[in-house]
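Here's the structure, in structure tokens; my notes come after.
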């Protein structure tokens, strides 16, 4: 399970995507040499979180094999349910980055976004 939080919902989303990549490798070994932008949209906040994580996972799983050192959410549109983010990192390389657990998919199972005091999110991933 991914559990992330921040002072803002944007920070909680950033920490959630970094927690996901933390399963895959030690992100401290990643150098911010390339920049990747990720946009996603949904029909509500939960689907927005799902598609946001899924788009980042796709950047790793597809031809790019991109792994971020840092992700910044530029904005979350809570009316149109859109998100725009940028990540700094590099292509995953086994000699450089320790191999962790493969994340196969994001799930909606028990997904939560709590904004009571400090925003926090809970996401179960399929590994």
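In the working numbering, the protein residues as written are 21 to 147.
For each residue, glycine too, the CB sits at the ideal point set by N, CA and C.
Given this structure, state the Cα-to-Cα distance separating residue i from residue j, to the nearest angstrom.
i: residue 64; j: residue 101; result: 6 Å
i: residue 95; j: residue 141; result: 17 Å
i: residue 145; j: residue 106; result: 22 Å
i: residue 127; j: residue 91; result: 21 Å
i: residue 120; j: residue 23; result: 18 Å
i: residue 124; j: residue 31; result: 24 Å
What's the call for residue i, buried or exposed, on a 16-neighbour Cβ count within 10 Å?
i: residue 52; result: exposed
i: residue 110; result: buried
i: residue 134; result: exposed
i: residue 114; result: exposed
Could you spell out the range, first to last residue, of the alpha helix (DSSP H) harbouring residue i?
i: residue 37; result: 29-44
How is the beta strand (DSSP E) around residue i delimited, first residue to last?
i: residue 86; result: 86-97
i: residue 58; result: 54-61
Residue i by DSSP, collapsed to three states: which one?
i: residue 71; result: helix
i: residue 114; result: coil
i: residue 129; result: coil
Just to check my reading of the structure: residue i and residue j have Cβ atoms closer than 8 Å, yes? What is that Cβ distance to the nearest angstrom?
i: residue 131; j: residue 69; result: 7 Å
i: residue 77; j: residue 143; result: Not really, about 11 Å apart at Cβ, beyond 8 Å.
i: residue 93; j: residue 33; result: 5 Å
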